[in-house]
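Residue numbers (our numbering): 4 to 319. Note that CB positions come from ideal geometry on N, CA and C, so glycine has one too. All of these numbers come straight from a predicted model, not from anything done at the bench.
Below, the structure written as C-alpha cells:
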C-alpha cells in the first residue's frame with residue numbers, strides 16, 4: 004500500500020463532487036528562481052531547462068516548431084518531467100480503485116492517475132513572453148496547442164483536455180510556458196457549464212453566450228471572435244474570448260480563425276500587462292468534452308483570470 008500511495012491518483016471528493024489530481028511526484032519540481040532584483044537572461048543561462056541549449060535538462064520532446072532541426076527553434080512541446088498523470092498506464096488499468104474512505108462514510112472515487120501532462124515552451128528566449136511575440140508567432144503557439152490536443156484525442160480513454168498558462172508578476176523570473184493536461188474524466192465545473200447551457204437552451208431555445216449584452220461588457224472583437232468581461236466574474240478582471248459561431252472544440256479551429264485569433268489574443272495579453280501593471284494571471288483554454296457528449300449549443304473559450312484566486316486545477 005505504501006508504494007501505491009506514491010502513485011498519481013484522480014480523487015473525487017464525496018462532498019463537492021469535484022475531481023482533483025493527487026500527485027506526490029509534483030512535490031519534487033523545482034521552484035522558480037528567486038531574486039530581489041529583476042533577473043536577466045544571463046542569470047538563468049545554464050540553469051533554466053526551457054532555455055535554448057538546455058534541452059538535455061528536460062523530459063522527452065514530443066515535437067518542435069519548426070520540425071526541421073536545421074531551422075532555428077521557436078516552440079517545443081515536451082513531456083513534463085514532474086508528471087501529475089501517468090501516460091504509461093494502459094487504458095484498462097486507469098480505473099483501478101485503491102479504496103479508502105470518501106469523507107462521507109462511503110468508498111472514495113479513486114482512479115489511477117492515467118492521463119497526459121505536457122509542457123509547451125512558447126519561446127526559446129528566457130526574456131521573451133507570449134505577449135511580446137509577433138501576431139504570427141502567437142499564431143504558431145496557438146497551432147502548437149491545437150496539434151497537441153489533436154494528438155491526445157486519438158486515445159479513446161481521454162475525455163477532456165485543457166491548457167493552462169500561469170504568469171507571475173515580474174515574469175522575467177519564469178520562462179514562458181503552458182501546461183496541457185489530458186484526463187480520462189470530465190471536470191465537474193465543465194459538466195456544470197454544459198448543464199447550464201443545456202438548461203438555458205431547453206428553456207428559451209437560445210444560446211446564453213449569444214445573449215451576452217456586449218454593448219455593456221465588450222472589450223474588443225475580430226472577424227471570428229469577441230472578448231468581454233463577465234457580469235458575475237469569479238476573479239478580478241476575468242476576461243473571456245469566445246468564437247462568434249457555436250464551436251464546441253478548440254482543436255477544430257481552422258487556419259483562418261487561428262490567424263484571426265492570434266491578433267485578439269495578443270491584444271488582450273498586452274492590455275493585461277500594460278493597464279494592470281503586469282499582474283499575476285492564469286490563461287486557460289476551456290473546451291468541450293470529447294467522445295462522451297453531444298450538445299446542441301456550445302462553445303470553447305480562452306479565459307484570463309487573476310492568479311490570486313485561480314489556479315492550475317481550475318476546472319476540476
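Check whether the Cβ atoms of residue i and residue j sit closer than 8 Å, and answer yes or no.
{"i": "residue 87", "j": "residue 161", "result": "no"}
{"i": "residue 181", "j": "residue 132", "result": "no"}
{"i": "residue 191", "j": "residue 22", "result": "yes"}
{"i": "residue 121", "j": "residue 78", "result": "no"}
{"i": "residue 167", "j": "residue 271", "result": "no"}
{"i": "residue 241", "j": "residue 232", "result": "yes"}
{"i": "residue 284", "j": "residue 170", "result": "yes"}
{"i": "residue 267", "j": "residue 228", "result": "yes"}
{"i": "residue 276", "j": "residue 134", "result": "yes"}
{"i": "residue 254", "j": "residue 152", "result": "yes"}
{"i": "residue 76", "j": "residue 62", "result": "no"}
{"i": "residue 262", "j": "residue 142", "result": "yes"}
{"i": "residue 256", "j": "residue 150", "result": "no"}
Cα-Cα, which of the options is closest to residue i?
{"i": "residue 17", "options": "58, 113 and 60", "result": "113"}
{"i": "residue 51", "options": "293, 209 and 126", "result": "126"}
{"i": "residue 247", "options": "258, 237 and 264", "result": "264"}
{"i": "residue 128", "options": "183, 54, 164 and 188", "result": "54"}
{"i": "residue 13", "options": "238, 64 and 119", "result": "119"}
{"i": "residue 238", "options": "27, 214, 254 and 282", "result": "282"}
{"i": "residue 72", "options": "84, 83, 58 and 85", "result": "58"}
{"i": "residue 303", "options": "11, 262, 244 and 62", "result": "244"}
{"i": "residue 123", "options": "147, 262 and 137", "result": "147"}
{"i": "residue 116", "options": "138, 137, 91 and 220", "result": "91"}
{"i": "residue 222", "options": "274, 56, 195 and 150", "result": "274"}
{"i": "residue 89", "options": "11, 158 and 203", "result": "11"}
{"i": "residue 19", "options": "205, 206, 260 and 195", "result": "195"}
{"i": "residue 139", "options": "269, 278, 130 and 279", "result": "269"}
{"i": "residue 258", "options": "202, 193, 137 and 144", "result": "144"}
{"i": "residue 289", "options": "215, 219, 198 and 193", "result": "193"}
{"i": "residue 217", "options": "206, 234 and 208", "result": "234"}
{"i": "residue 220", "options": "236, 205 and 206", "result": "236"}
{"i": "residue 65", "options": "137, 214 and 154", "result": "154"}
Strictly under 8 Å for the Cβ-Cβ distance: is residue i near chain D by that measure?
{"i": "residue 78", "result": "The structure shown contains no chain D; it holds only a single protein chain."}
Can you give me the Cβ contacts of residue i inside the same chain, cut-off strictly under 7 Å, excluding the 5 residues immediately before and after it?
{"i": "residue 6", "result": "Interpretation of residue 6 is limited by its pLDDT of 45, a score under 50 that renders its predicted location unreliable; the figure taken from the coordinates is listed afterwards. There are no such residues."}
{"i": "residue 60", "result": "52"}
{"i": "residue 97", "result": "Unreliable placement is indicated for residue 97, whose pLDDT of 48 sits below 50; the coordinate value is still reported in the next sentence. These residues qualify, in order along the chain: 114, 115, 117, 160 and 187."}
{"i": "residue 279", "result": "240"}
{"i": "residue 215", "result": "231"}
{"i": "residue 69", "result": "77"}
Using C-beta distances below 8 Å, list every residue in its chain close to residue i, excluding the 5 sequence neighbours before and after it, in chain order.
{"i": "residue 293", "result": "156, 161, 162, 163, 164 and 252"}
What does DSSP give as the partner residues of residue i in its beta bridges?
{"i": "residue 166", "result": "183 and 288"}
{"i": "residue 12", "result": "25 and 115"}
{"i": "residue 82", "result": "121"}
{"i": "residue 308", "result": "285"}
{"i": "residue 66", "result": "80"}
{"i": "residue 245", "result": "229"}
{"i": "residue 89", "result": "117"}
Please return the same chain residues whose Cβ sits closer than 6 Å to the Cβ of residue i, not counting the five positions on each side in sequence.
{"i": "residue 308", "result": "238, 241 and 285"}
{"i": "residue 189", "result": "162, 163 and 292"}
{"i": "residue 4", "result": "With a pLDDT of 40 at residue 4, under the threshold of 50, the modelled position of this residue cannot be trusted, and the question is left open."}
{"i": "residue 108", "result": "Confidence is the limiting factor: at residue 108 the pLDDT is only 41, short of 50, which leaves the residue's position unreliable, though a coordinate-based value still follows. Closer than 6 Å at Cβ, skipping near neighbours: no residue."}
{"i": "residue 305", "result": "244 and 288"}
{"i": "residue 15", "result": "22 and 112"}
{"i": "residue 260", "result": "227"}
{"i": "residue 206", "result": "none"}
**Request:** Counting only runs of 4+ residues fully inside the segment 171–239, write out the alpha helix (DSSP H) ranges in chain order.
**Result:** Listed in chain order, the complete alpha helix (DSSP H) runs (minimum 4 residues) inside the segment 171–239 are 191–207 and 217–220.
**Completely contained alpha helix (DSSP H) runs for the segment 134–160, where each covers 4 or more residues** = 138–155
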